Amino acid sequence: SQRMAVIGNMHQSVVAGLECIQNNTAKILQDQEKDLMRAFRARLQEVSKDLEVQRSRKGEDSTQLLQRHRRVVSELHEAQELASTFDKKNQQLVAENQKLQEKLQTREDDRQALLRELVLSKKEVARLKAQVKDVGPGAGEPSGEASAADLETTKPMARSISQKQIDQARMQQTRNRQYEAEVQYRETIAKLKRLLEAERRSSQSLRQQQNEMLQARTELEVFLRQCLDDVKCEITRQRLQDSQE
Numbered sequence: 001s002q003r004m005a006v007i008g009n010m011h012q013s014v015v016a017g018l019e020c021i022q023n024n025t026a027k028i029l030q031d032q033e034k035d036l037m038r039a040f041r042a043r044l045q046e047v048s049k050d051l052e053v054q055r056s057r058k059g060e061d062s063t064q065l066l067q068r069h070r071r072v073v074s075e076l077h078e079a080q081e082l083a084s085t086f087d088k089k090n091q092q093l094v095a096e097n098q099k100l101q102e103k104l105q106t107r108e109d110d111r112q113a114l115l116r117e118l119v120l121s122k123k124e125v126a127r128l129k130a131q132v133k134d135v136g137p138g139a140g141e142p143s144g145e146a147s148a149a150d151l152e153t154t155k156p157m158a159r160s161i162s163q164k165q166i167d168q169a170r171m172q173q174t175r176n177r178q179y180e181a182e183v184q185y186r187e188t189i190a191k192l193k194r195l196l197e198a199e200r201r202s203s204q205s206l207r208q209q210q211n212e213m214l215q216a217r218t219e220l221e222v223f224l225r226q227c228l229d230d231v232k233c234e235i236t237r238q239r240l241q242d243s244q245e
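First residue of the sequence shown: 1, per the UniProt record's numbering; consecutive thereafter.
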């Protein structure tokens with residue numbers, strides 16, 4: 001029972017740790033997505049304002065302005081495509097995270113079912129041990145009308161069966177029951193150990209997948225920020241050229 005309590009506590013701590021990691025990961029992903037989309041919208045507004053300012057300038061050649069506008073719009077479209085790709089990747093990561101949570105819940109259900117089975121097995125072992133204790137020197141004594149009837153029936157056979165043979169049969173039956181109870185208990189313990197090891201491996205796999213998801217998210221963020229910086233540098237360069245002209 002102490003060993004099972006330790007196993008149960010270890011499993012609960014692993015499950016709690018995974019749930020905490022999943023919740024923190026989901027919150028971090030949502031916050032980062034909001035920050036990126038907010039920065040992207042702000043950049044779009046700045047570019048639109050710059051275009052409006054450039055259009056309002058007097059004496060600027062309309063052909064150059066149109067080319068400049070097309071170039072900036074093209075860069076914005078590329079940034080929008082990157083943002084769309086990033087959003088799809090984020091949705092994929094969220095779906096994978098949901099699948100991991102469902103797997104974790106399935107593991108928890110299996111663990112509960114196995115614990116219930118263990119409780120039933122312990123009760124069965126206790127019942128068998130109680131039966132074994134009840135089997136003693138007086139176990140074969142007749143009691144009541146049914147025992148008396150059985151005694152009358154077995155009188156002809158009693159002449160050919162010695163008391164020693166009867167005692168040996170009783171002892172063999174007792175040993176068989178004890179052995180069956182011990183085997184059943186050992187099988188239950190072995191099954192629990194296999195389940196715990198499988199859950200440990202599954203927990204490690206879940207953690208590794210979550211780390212890979214976070215790594216992929218970080219790489220996408222860096223790439224998108226770099227694209228936005230490139231757009232900003234291009235706009236700054238165009239402003240410098242306009243001021244020099």
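Glycine residues also receive a C-beta, built at the ideal position from the N, C-alpha and C atoms. Small disclaimer: the values here were computed from a predicted structure and weren't measured.
Quick one: residues in its chain with C-beta nearer than 7 Å to the C-beta of residue i, no 5 flanking neighbours on either side, listed in chain order?
| i | result |
| --- | --- |
| Q238 | R68 |
| S202 | R107 |
| V50 | The identity of residue 50 in the sequence shown is Asp, whereas the question assumes Val. If we look at D50 and ignore the five residues flanking it on each side, its Cβ neighbours are I235. |
| I7 | L192, L196 |
Measure the beta-carbon distance from residue i to residue j and round it to whole angstroms, keeping in mind my assumption that it falls under 8 Å.
| i | j | result |
| --- | --- | --- |
| E221 | E75 | In fact, because the Cβ distance is near 19 Å, the residues do not count as touching under 8 Å. |
| N97 | Q22 | 6 Å |
| V15 | L93 | The Cβ separation is near 22 Å, so there is no contact. |
If the criterion is Cβ atoms closer than 7 Å, does the pair residue i and residue j meet it?
| i | j | result |
| --- | --- | --- |
| E187 | R107 | no |
| A39 | C227 | no |
| L114 | L18 | no |
| L224 | L44 | no |
| L100 | L206 | yes |
| L118 | A181 | no |
Considering only residues of the same chain and omitting the five flanking positions on each side of residue i, which have a CB-CB separation below 8 Å?
| i | result |
| --- | --- |
| V47 | V72, L76, V231, I235 |
| G136 | Summary for G136: the model assigns pLDDT 48, below 50, so the residue's position carries little reliability, and this model does not support an answer. |
Ordered along the chain, which non-local residues of its own chain (more than five positions away) have a Cβ less than 6 Å from that of residue i?
| i | result |
| --- | --- |
| Q112 | none |
| D150 | Confidence at D150 is low in this model, with a pLDDT of 46, below 50, so the placement of that residue should be treated as unreliable; the coordinate-derived value is given next. Contacts found: none. |
Check: With contact counted as at least three CB pairs below 8 Å, one residue from each stretch, are the segment 19–37 and the segment 120–127 in contact?
Finding: no
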